[in-house]
Amino acid sequence: MANDTVSAIGGATSAAETQWDLWEVFTQEGEGAPHEHAGSVHAATAEHAMQNARDVYARRGKVVSLWVVPTGAIIASAPGDAGPLFDPGNDKAYRHPQFYKTPRGVRGL
Amino acid sequence: MTTGKREAGDGKRDKVGSSVDGWVAGARPATATSGTAENPFFEYLLRLADDRLVLGHRLSEWCGHAPILEEDIALANIALDLIGQASLLLKLAGEIEGKGRSEDTLAYFRDAIEFRNAQLVELPNGDFAVTIVRQFLFDAWDVLVLERLTAASNQSLAGIAAKALKEAKYHLRHTAEWVRMLGDGTAESHARAQRALDDLWPYTAELFLRDAIDAEAVASGSGVDVESLRPRWRQTVDQVIGEATLTVPKDGFAPRGGRAGRHTEHLGRMLADMQSLARAHPGAAW
Amino acid sequence: MTDQKSPTSAPAAGSTDDAAQVAEFEARIAQGESIEPKDWMPERYRKQLTRMMSQHAHSEIVGMLPEGNWITRAPSLRRKMVLLAKVQDEAGHGLYIYCGTETLGIGREELVDQLLTGKAKYSSIFNYPTLTWADIGVIGWFVDGAAIVNQTMLAKASFGPYARAMVRICKEENFHKKQGYESVATLANGTPEQRAMVQDAVNRWWWPSLMMFGPSDKDSPNSAELIRWRVKRDTNDTLRQRFVDLTVPQARAVNLTLPDPDLRYNEETEHWDFGEIDWTEFHEVISGNGPCNRERLAARRKAHDDGAWVREAAQAYAAKRDAVTAA
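Residue numbers (the numbering used here), protein chains in the order written: chain A, 1 to 109; chain B, 110 to 395; chain C, 396 to 722.
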């Protein structure tokens with residue numbers, strides 16, 4: 001099914017009528033740090049999602065920035081694609097600095 | 110327990126109550142328990158603290174019973190902010206009073222007539238619309254009050270206000286969004302939000318009453334002229350209420366008296382619950 | 396709005412799992428790999444995880460009620476804030492675990508429905524009443540203590556979303572047990588009334604806390620499978636023993652007595668032996684006849700029903716916004 005490659009990282013299909021949309025929350029814990037997935041919240045609108053994310057995932061401080069993303073908007077790789085997508089990266093030793101020899105005594109490389 | 114010396118004759122409450130203009134209009138800083146205030150800044154801090162303590166307590170009653178988990182967490186956050194502010198303000202009040210009363214003594218061992226909160230905050234929670242609309246009306250006022258207090262000449266108060274202001278700005282953002290969602294949601298939520306607004310509106314008048322206690326605080330550089338805040342408050346409130354497709358009620362009936370210890374019947378019941386355990390074990394440590 | 400969610404890879408109900416796929420799945424588990432929502436998994440694994448995780452989430456939510464009972468009466472401002480923050484955390488923990496469960500292809504609304512209709516279970520401990528303030532401290536000490544023993548294990552569960560929720564929860568719950576024990580210690584060193592109050596709370600909560608770990612291993616049919624799939628790492632009885640061993644010295648340190656005449660240190664096993672649990676009571680409470688089962692569910696139903704118009708309002712508001720944006 002085509003959906004396999006574009007399905008969300010999770011999310012329910014059986015939502016009842018009164019269930020708010022699901023949003024994924026990413027928190028940045030410190031200036032310059034990457035945003036990391038913290039969890040999800042239900043919310044009706046983007047502003048509402050931002051507030052719920054703040055109340056649920058930033059109530060202990062540390063967080064300096066938040067992203068909220070509709071769960072359905074996340075495009076995730078499929079487990080079956082792991083081979084073609086990621087294995088080719090494993091045998092390209094020349095992408096890593098350890099691949100190269102440096103003459104003895106040379107510094108600053 | 111009294112908060113100051115009584116004036117001769119002031120103990121006859123029925124007499125005080127009958128001279129309605131005397132304390133209702135707040136022409137002089139008469140209070141239910143102390144006559145004229147012995148220590149106006151202490152009185153002033155109690156007003157700030159009690160608004161927050163009582164409202165925070167009301168919000169905490171929601172815990173475990175909110176419409177959805179996310180909102181349970183949000184209401185608890187606001188309650189924690191308010192009770193935290195109240196705790197700091199009561200501690201400061203106790204220091205200013207200088208009689209060795211801690212924040213807990215002030216919170217748990219004063220009777221309703223010694224509380225100085227506005228009546229708005231002591232009203233029962235009602236449905237979610239009442240809680241949210243009340244909180245919104247308060248938050249819009251609170252942000253303005255705290256903005257001024259960050260410049261208070263009393264450094265402790267200025268510090269508390271600076272911390273509280275950040276919290277209050279978020280409270281306002283949260284409750285304003287809910288007022289919009291309820292007002293412009295379903296027919297039922299609209300009706301409930303409008304009813305809440307109509308019922309609560311009269312109680313907002315008290316937030317802007319200025320009396321001699323305020324005047325002294327303003328004169329000392331550590332108070333806010335609440336009367337002057339009204340136009341800006343109306344601006345915020347009118348805008349959000351308009352976006353929420355709700356109608357601002359007409360001014361009219363304006364109950365008042367909380368600042369002088371004249372409360373609704375609801376506060377006594379709330380305090381009976383809140384203070385019962387602490388009072389059953391006087392002197393105990395927890 | 397809700398139909399924009401993409402389907403998950405859940406196979407149709409009633410499908411028979413392919414033996415080769417099961418073998419591959421179990422090999423992954425054996426290698427300590429983490430199973431993610433979109434990975435293939437046996438129907439039975441999905442079912443067991445959904446059951447366990449939703450029960451866990453329900454327990455957090457129902458667990459707000461007994462402690463919430465004392466928020467308005469907390470005897471100092473500090474205790475009031477601590478308790479409110481703790482009960483709030485339980486809402487958060489329920490939320491994290493519901494979200495983790497939702498990755499298995501079932502909505503929170505449906506899970507909540509299973510709780511409210513009595514189809515789903517939750518921890519039996521929350522069907523006991525909180526009669527005095529001391530119960531709050533003892534719950535933090537015993538109930539959160541027991542929960543931490545259990546959750547520390549679950550933080551290594553094979554299902555990624557469950558394990559990740561547990562890591563976050565364990566981090567946050569550190570303070571729950573400590574505040575509970577601190578409160579207990581204060582009461583134990585307090586007035587004679589406070590001391591009596593806390594001993595009484597210990598007497599009432601000890602056995603129900605031991606029951607939290609579930610039936611004994613010989614009556615626990617799911618255990619072997621859950622351990623093989625590394626959802627759990629230890630059996631109920633092992634975890635229960637761990638909790639007893641941790642708690643007995645803590646009780647002694649504050650001069651409180653645990654209500655078990657058979658409790659004694661076994662030099663040979665280096666564990667504390669304890670008496671037989673009243674399994675009749677356990678099964679009564681589990682099947683709905685505990686002291687507070689009806690009240691707890693009624694309170695949850697009321698909150699849910701009273702909140703329906705609020706949830707609908709936000710939904711309607713969002714729909715209007717979407718319509719405006721689309722136009």
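From the three backbone atoms N, C-alpha and C, an ideal C-beta is built for every residue, glycine too.
_Residues of its chain near B/Val-163, where Cβ-Cβ distance is below 8 Å and the 5 sequence neighbours each way are ignored_ = Phe-224, Asn-226, Val-230, Glu-231, Leu-376, Met-379
*asked:* DSSP has A/Ala-43 in a bridge; who is on the other side?
replied: A/Asp-21
*asked:* If the criterion is Cβ atoms closer than 9 Å, does the pair C/Ile-430 and C/Gly-555 meet it?
replied: yes
_Complete runs of the beta strand (DSSP E) confined to the stretch 276-356 of chain B [at least 3 residues]_ = none
*Quick one: using the 10 Å Cβ neighbour count with 16 as the cut-off for buried, is C/Arg-696 buried or exposed?*
exposed
*Does any CB atom of chain B fall closer than 9 Å to the CB of C/Ile-456?*
yes
*A/Thr-67 - partner residues in DSSP beta bridges*: The sequence as given places Trp at residue 67 of chain A; Thr does not occur at that position. In DSSP, A/Trp-67 forms a bridge with A/Phe-26.
*In the DSSP assignment, what are the bridge partners of B/Asn-148?*
DSSP lists no partner for B/Asn-148.
*asked:* Starting from C/Tyr-576, trace the alpha helix (DSSP H) in both directions and tell me its first and last residue.
replied: 555-583
*Cβ shell of B/Arg-257 (< 6 Å), same chain only, five flanking positions each side left out*: Val-333
*Grab me the residues of C/Val-562's own chain with a C-beta within less than 7 Å of its C-beta, minus the 5 sequence neighbours each way, in chain order.*
Ala-550
*Can you give me the start and stop residues for the beta strand (DSSP E) that C/Tyr-660 sits inside?*
659-661
*asked:* Determine whether the beta carbon atoms of C/Phe-537 and C/Gly-458 lie at a separation below 9 Å.
replied: no
*Identify the contact partners of C/Gly-585 in chain B, using a Cβ-Cβ distance below 9 Å as the criterion.*
His-390, Ala-393, Ala-394, Trp-395
*Per DSSP, which residues does A/Glu-36 bridge with? Please list them.*
A/Thr-27
*When we look at the beta-carbon of C/Glu-665 and count the other beta-carbons within 10 Å, is it buried (16 or more) or exposed?*
exposed
*For the beta strand (DSSP E) containing C/Asp-668, list its first residue and its last residue.*
666-668
*DSSP-derived helix/strand/coil call for A/Ile-75*: coil
*Between which two residues does the alpha helix (DSSP H) containing C/Gln-594 stretch?*
587-606
*Cβ atoms of B/Ala-249 and B/Thr-259: under 9 Å apart, would you say?*
no
*Cβ-based contacts, 8 Å cut-off: residues of the stretch 171-186 of chain B near chain C*: Cys-172, Gly-173, His-174, Ala-175, Pro-176, Ile-177, Leu-178, Glu-179, Glu-180, Asp-181, Ile-182, Ala-185, Asn-186
*Do you know offhand how far B/Leu-316's Cα is from C/Asn-598's?*
50 Å
*Give the single residue among B/Ala-261, B/Leu-178, B/Ala-326 whose Cα lies nearest to the Cα of C/Glu-455.*
B/Leu-178
*May I have the straight-line CA-CA distance separating B/Ala-381 from B/Glu-170, to the nearest angstrom?*
14 Å
_Expected contact under 8 Å - CB spacing of C/Gly-724 and C/Asp-539 to nearest Å_ = There is simply no residue 724 of chain C to check, as chain C begins at 396 and stops at 722 in what is shown.
*Starting from B/Gly-209, find everything on chain C with Cβ-Cβ shorter than 7 Å and list it in chain order.*
Under the 7 Å cutoff, chain C gives no residues; its nearest Cβ is about 16 Å from B/Gly-209.
*Alpha carbon to alpha carbon, how far is C/Lys-715 from B/Ala-314? Give it in angstroms, no decimals.*
34 Å
_Selection of the stretch 294-318 of chain B by Cβ proximity to chain A, strictly under 8 Å_ = none
*asked:* Taking 8 Å as the cut-off, is the C-beta of C/Arg-503 nearer than that to any heavy atom in the ligand MG?
replied: For the structure depicted, the ligand MG is absent and the ligand set is empty, with no information on it obtainable.
*Starting from the Cα of C/Ser-519, find the closest Cα among C/Thr-630, C/Trp-674, C/Asp-717 and give me that residue.*
C/Trp-674
_Unbroken alpha helix (DSSP H) run spanning C/Phe-677, endpoints_ = 674-679
*Does DSSP classify B/Ile-182 as helix, strand or coil?*
helix
*How should C/Ile-531 be labelled, buried or exposed, when 16 other C-beta atoms within 10 angstroms of its C-beta is the threshold for buried?*
buried
*Contacts that C/Glu-462 makes with chain A (C-beta to C-beta distance below 7 Å)*: What C/Glu-462 touches in chain A: nothing, since even the nearest Cβ is about 18 Å away.
*Is it the case that the Cβ atoms of C/Glu-691 and C/Leu-460 are separated by a distance below 9 Å?*
It is Arg, not Glu, that sits at residue 691 of chain C in the sequence shown. Cβ atoms of C/Arg-691 and C/Leu-460: closer than 9 Å.
*Assign B/Asp-213 to buried or exposed, taking buried as 16 or more other Cβ atoms, counted over all protein chains shown, within 10 Å of its Cβ.*
buried
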